[in-house]
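Enquirer: Protein sequences, first through last, are from chains A and B. Numbering-wise, the first sequence is residues 1 to 109 according to full-length UniProt numbering. Numbering-wise, the second sequence is residues 1 to 109 according to full-length UniProt numbering. For every residue, glycine included, the Cβ atom is placed at its ideal position computed from N, Cα and C. Quick caveat: nothing in here was measured; it's all calculated off a predicted structure. Here's a structure for you.
There are 2 protein chains.
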Amino acid sequence: MNTSQLCPKFEKAMSILSQRWTGLVIYQLLSGPQRFCTIESSIGISGRLLSDRLKHLENEGVVKREVFPETPIRIEYSLTEKGKDLRPLMKELEKWSQNWIDSEDTLED
Amino acid sequence: MNTSQLCPKFEKAMSILSQRWTGLVIYQLLSGPQRFCTIESSIGISGRLLSDRLKHLENEGVVKREVFPETPIRIEYSLTEKGKDLRPLMKELEKWSQNWIDSEDTLED
DNA sequence: GTAACTTAATTACTTTTCGTAAGTAAGTGT
DNA sequence: ACACTTACTTACGAAAAGTAATTAAGTTAC
Chain A
1 MNTSQLCPKF EKAMSILSQR WTGLVIYQLL SGPQRFCTIE SSIGISGRLL SDRLKHLENE
61 GVVKREVFPE TPIRIEYSLT EKGKDLRPLM KELEKWSQNW IDSEDTLED
Chain B
1 MNTSQLCPKF EKAMSILSQR WTGLVIYQLL SGPQRFCTIE SSIGISGRLL SDRLKHLENE
61 GVVKREVFPE TPIRIEYSLT EKGKDLRPLM KELEKWSQNW IDSEDTLED
């Protein structure tokens, strides 16, 4: 049972951002529209989960999928206005990580 | 294999925030030091996971656990400076959620 | 003094999600 | 024809989450 007393909009926003990989996918797309395999290799997510996350973000209206029927065909993912508006938040997280995360203390590769 | 090209500090910061419940726990503690059961009921997390998350956040230096040997004994959780410095980020998420999350589109209770 | 209650957990068990690897469909390059 | 690339999907074992019951230490109620 969820007996939360928090703002539902805030909770919803947090639920999007707190799903594994989702934040990194958005962050990566802030540098511009990109193809599936580019995102995949830049953040180290598996195809299975990237496919899932992009679909989820598309449903939330954060990410846009565009098919360019060139030859070879090209499929690009980009941020919608809603997605782009997360830039200030990402900037804050960048600042925080620079101020507080010790380089000894990062994730193992 | 993680072949990420992102800043390791940013990745680490994101990995903290993108764990389920962790963001809400921090957000809740921004309103001041609180006891276990207060956090539990305010964000709707189970004791099992709250215990886990608080321990994790204590290890990361974001949360501080203090035992007050009064009668009755009181255990309070609060944010460290590192934790308090996440306030601007939370403010950005609040703003974003107000601007972009439709009230029809919130989580079910 | 013992039975019921509270807090801060922990343990046991089930369900959901993740991660790895392999497979697929459509097309390209040689 | 054959290998290669892209954008996925499927299968399956492993890890994490969710639910509920239990515990330990102390409090209050009678």
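If we count Cβ pairs, one from each stretch, closer than 8 Å, do we get three or more for the segment 37-51 of chain B versus the segment 53-73 of chain A?
Expert: The segment 37-51 of chain B makes no contact with the segment 53-73 of chain A: fewer than 3 CB pairs, one atom from each, lie closer than 8 Å.
Enquirer: Answer with yes or no whether the minimum CB distance from glutamate 94/A to chain B is below 7 Å.
Expert: Taking the first residue of the first sequence as position 1, residue 94/A is located at position 94. Closer than 7 Å to some Cβ of chain B, the Cβ of glutamate 94/A qualifies, so yes.
Enquirer: Roughly how many angstroms lie between the CA atoms of glutamine 28/B and isoleucine 73/A, to the nearest whole one?
Expert: Taking the second sequence and counting its residues from 1, one reaches residue 28/B at position 28. Taking the first sequence and counting its residues from 1, one reaches residue 73/A at position 73. Those two C-alpha atoms are separated by around 47 Å.
Enquirer: Under 7 Å between C-beta atoms, does arginine 74/B make it to chain A?
Expert: Locating residue 74/B in the second sequence gives position 74, counting from the first residue. At least 7 Å separates the CB of arginine 74/B from every CB of chain A.
Enquirer: For isoleucine 43/A and proline 88/B, I'd like the C-alpha separation in whole angstroms.
Expert: Translated into the one-based positions of the first sequence, residue 43/A becomes position 43. Translated into the one-based positions of the second sequence, residue 88/B becomes position 88. One C-alpha to the other measures close to 25 Å.
Enquirer: So, does the CB of threonine 106/A fall closer than 7 Å to a CB anywhere in chain B?
Expert: For this step, residue 106/A is matched to residue 106 along the first sequence. So yes, threonine 106/A belongs to the interface.
Enquirer: Could you confirm whether any beta carbon from chain A is found closer than 7 Å to the beta carbon of threonine 18/B?
Expert: Position 18 of the second sequence holds residue 18/B. For the record, residue 18/B in the displayed sequence is serine; it is not threonine. Yes - at least one Cβ of chain A is within 7 Å of the one on serine 18/B.
Enquirer: Assuming glycine 47/A contacts glutamate 58/A (C-beta within less than 8 Å), just tell me the rounded distance between them.
Expert: Counting from one through the first sequence, the residue named residue 47/A turns up at place 47. Counting from one through the first sequence, the residue named residue 58/A turns up at place 58. The Cβ separation is near 16 Å, so there is no contact.
Enquirer: Are there 16 or more other CB atoms within 10 angstroms of the CB of methionine 1/B, so buried, or fewer, so exposed?
Expert: In the second sequence, the residue the question calls residue 1/B occupies position 1. Confidence is the limiting factor: at methionine 1/B the pLDDT is only 39, short of 50, which leaves the residue's position unreliable and the question unanswerable from this model.
Enquirer: Run through the DSSP bridge pairs and tell me what serine 78/B is partnered with.
Expert: Walking along the second sequence from the start, residue 78/B turns up at place 78. Looking at the DSSP assignment, serine 78/B forms a beta bridge with Lys64/B.
Enquirer: Measuring only between beta-carbons, confirm whether lysine 64/B sits less than 7 Å from chain A.
Expert: In the second sequence, counting from the first residue as 1, residue 64/B sits at position 64. Output row for lysine 64/B: interface = no.
Enquirer: According to DSSP, is glutamine 34/A part of a helix, a strand, or is it coil?
Expert: Within the first sequence, the letter at position 34 stands for residue 34/A. Three-state result, glutamine 34/A: strand.
Enquirer: With a threshold of 7 Å between beta carbons, is glycine 23/A in contact with chain B?
Expert: As a working note, residue 23/A is residue 23 in the first sequence. Taking Cβ atoms only, chain B reaches closer than 7 Å to glycine 23/A, which makes this a yes.
Enquirer: For leucine 30/B, is the classification buried or exposed, using 16 other Cβ atoms within 10 angstroms of its Cβ as the cut-off for buried?
Expert: The residue you call residue 30/B lines up with position 30 of the second sequence. Result: exposed.
Enquirer: Could you tell me whether the Cβ atoms of threonine 106/A and lysine 84/B are closer together than 7 Å?
Expert: On the first sequence, position 106 is the one that residue 106/A refers to. On the second sequence, position 84 is the one that residue 84/B refers to. Against a cut-off of 7 Å, the Cβ pair of lysine 84/B and threonine 106/A comes out as no contact.
Enquirer: Using beta carbons (cut-off 7 Å, strictly below), is asparagine 2/A in contact with chain B?
Expert: Translated into positions along the first sequence, residue 2/A becomes position 2. A caution first: asparagine 2/A carries a pLDDT of 45, below 50, which makes its placement in the model too unreliable to give a value.
Enquirer: Using a Cβ cut-off of 7 Å, pull out every chain B residue sitting near isoleucine 39/A, in sequence order please.
Expert: By one-based count along the first sequence, residue 39/A stands at place 39. Correct list: empty, because the minimum Cβ distance to chain B is about 11 Å.
Enquirer: Give the straight-line distance between the Cα atoms of isoleucine 16/B and lysine 9/B, rounded to the nearest whole angstrom.
Expert: Locating residue 16/B in the second sequence gives position 16, where the first residue counts as 1. Locating residue 9/B in the second sequence gives position 9, where the first residue counts as 1. Roughly 11 Å between the two C-alpha positions.
Enquirer: Measure the CB-CB distance between leucine 24/A and methionine 14/B and report whether it falls below 7 Å.
Expert: To locate residue 24/A, count along the first sequence from 1; it is residue 24. To locate residue 14/B, count along the second sequence from 1; it is residue 14. For leucine 24/A and methionine 14/B, yes; Cβs fall inside 7 Å.
Enquirer: In the DSSP assignment, find the alpha helix (DSSP H) that holds glutamine 28/A and state where it starts and stops.
Expert: Within the first sequence, the letter at position 28 stands for residue 28/A. Glutamine 28/A -> alpha helix (DSSP H) spans 22-29.
Enquirer: Taking the alpha carbon of asparagine 99/A as the point to measure from, which residue in Gln98/B, Leu86/B and Lys95/B has its own alpha carbon closest?
Expert: Position 99 of the first sequence, counted from the first residue, corresponds to residue 99/A. The alpha carbon of asparagine 99/A has as its nearest neighbour, out of Gln98/B, Leu86/B and Lys95/B, the alpha carbon of Leu86/B.
Enquirer: Note down the Cα distance separating isoleucine 101/B from serine 97/A, rounded to an integer number of angstroms.
Expert: What you label residue 101/B is simply residue 101 of the second sequence in a count that begins at 1. What you label residue 97/A is simply residue 97 of the first sequence in a count that begins at 1. In this structure, the straight-line span from the alpha carbon of isoleucine 101/B to that of serine 97/A is close to 26 Å.
Enquirer: For residue 113/B, return the contacting residues in chain A, with the cut-off set at a CB-CB distance below 8 Å.
Expert: Any question about residue 113/B goes unanswered here, given that chain B covers just 1 to 109.
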